[in-house]
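Here the sequence shown stands for residues -20 to -1, 1 to 185, numbered as in mature numbering (1 follows the signal peptide of the UniProt record, and there is no 0). Just so it is clear, CB atoms sit at the ideal spot from N, CA and C, and this is done for glycine as well. Reading through the structure tokens given below for one structure.
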Amino acid sequence: MNFLALIICLACAATPAVLAARAPTTPDPKTTVAFTCADARDRPIGWCVSKDPSKPTEGYNYVLANRVGLAGNLNYNCIGKPFGDNSMCCILNFKPKKNGLTMPSDGDSADAAKPGPDPKTTVVFTCTGKDVPPTGWCVSQAPGKLGEGYNFDLANVVGPPKDMNYNCIGKKFTDNSACCKPTFKPAPNGLTKLGSDCIIKPSNK
């Protein structure tokens, strides 16, 4: 699971952007949603930003992001934009400097990180239901060894164990999640096939 923290600043909140120019195919800037400002509090305007490699601490270059769909949805991308290393959601009246680098806090560089999802409370998958084994695992296949099995790591238990709710926040193997029998034990050093002891469950990265 790849849960990235949102950086909260005075005027803007930084959020990861999809680098469309480096993708193997060219996404459509009118339909491809790379980031959203819907959950960025009072910062509804999307911007594409990049740092100057020679001035890494002096701020960012800014250009307005492409809006995707209805304006009220606050969805954006940076496809075709000159500054697309990252993206930001900014307040309505935020205006970067016309000629020069601008800090996202509009002069205040004290950034405060917004906490990511809490592994103790965030339910990503559950191992309940008919014929579903009760124990949650986080699993990944090894590149170049598809079909040879999975790497396993016990999932985080969310809430009472009897509820059988889990997530893989902070775990090493997160491509998928699996529900396994209580007696299941993966190989200590190597890949393990699921066999009849486990079933794959969808998992958020």
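Can you grab the Cα-Cα spacing for the pair Gly87 / Lys165, in whole Å?
By 1-based counting over the sequence shown, the position of residue 87 is 107. By 1-based counting over the sequence shown, the position of residue 165 is 185. Unreliable positioning characterises Gly87 in this predicted model, as indicated by a pLDDT of 34, which lies under 50. The coordinate reading is nonetheless provided below. The alpha-carbon atoms of Gly87 and Lys165 are separated by roughly 54 angstroms.
Please determine, among Gly80, Phe153, Ile180, Phe132, the residue with the shortest C-alpha to C-alpha distance to Ser34.
Walking along the sequence shown from the start, residue 34 turns up at place 54. Closest option to Ser34, Cα to Cα, is Gly80.
Which partner residues of Lys181 appear in the DSSP bridge assignment?
Taking the first residue of the sequence shown as position 1, residue 181 is located at position 201. DSSP, once it has assigned bridges, lists Ser157 as partnering Lys181.
Does the beta-carbon distance from Pro123 to Cys159 come in below 8 angstroms?
Taking the sequence shown and counting its residues from 1, the one referred to as residue 123 is at position 143. Taking the sequence shown and counting its residues from 1, the one referred to as residue 159 is at position 179. No, the Cβ-Cβ distance between Pro123 and Cys159 is not below 8 angstroms.
Any idea if Pro84 is buried or exposed, counting beta-carbon neighbours within 10 angstroms, 16 or more meaning buried?
Position 104 of the sequence shown, counted from the start, is the residue given in the question as residue 84. Pro84 should be labelled buried.
Taking Ser120 as part of the beta strand (DSSP E), name the residues at either end of that continuous run.
In the sequence shown, counting from the first residue as 1, residue 120 sits at position 140. Per DSSP, Ser120 belongs to the beta strand (DSSP E) from 115 to 121.
Identify which residue in Ile149, Ala45, Thr11, Ser157 has its Cα closest to the Cα of Thr102.
For the purposes of this step, residue 102 is taken as the residue at position 122 of the sequence shown. For the residues Ile149, Ala45, Thr11, Ser157, the minimum Cα distance to Thr102 belongs to Ile149.
Throw me the rounded Cβ distance for the Gly116 and Phe132 pair, which I believe falls under 8 angstroms.
One-based indexing of the sequence shown puts residue 116 at position 136. One-based indexing of the sequence shown puts residue 132 at position 152. With 8 angstroms as the limit, Gly116 and Phe132 do not qualify as a contact, their Cβ atoms being about 11 angstroms apart.
Using a threshold of 8 angstroms, state whether the C-beta atoms of Pro9 and Cys17 are closer than that.
The residue labelled residue 9 in the question sits at position 29 within the sequence shown. The residue labelled residue 17 in the question sits at position 37 within the sequence shown. No, these two residues do not count as a Cβ contact at 8 angstroms.
Rounded to the nearest angstrom, what separates Thr12 and Val43 at their Cα positions?
Stepping through the sequence shown from its first residue, residue 12 is reached at position 32. Stepping through the sequence shown from its first residue, residue 43 is reached at position 63. If you take the alpha carbons of Thr12 and Val43, they lie about 18 angstroms apart.
Looking at Cys28: is its Cβ nearer than 8 angstroms to the Cβ of Phe63?
Here the question's residue 28 lines up with position 48 in the sequence shown. Here the question's residue 63 lines up with position 83 in the sequence shown. Yes, they are a contact pair.
Can you grab the Cα-Cα spacing for the pair Gly127 / Val119, in whole Å?
Within the sequence shown, residue 127 is the residue found at index 147, counting from 1. Within the sequence shown, residue 119 is the residue found at index 139, counting from 1. For Gly127 and Val119, the distance between alpha carbons rounds to 13 angstroms.
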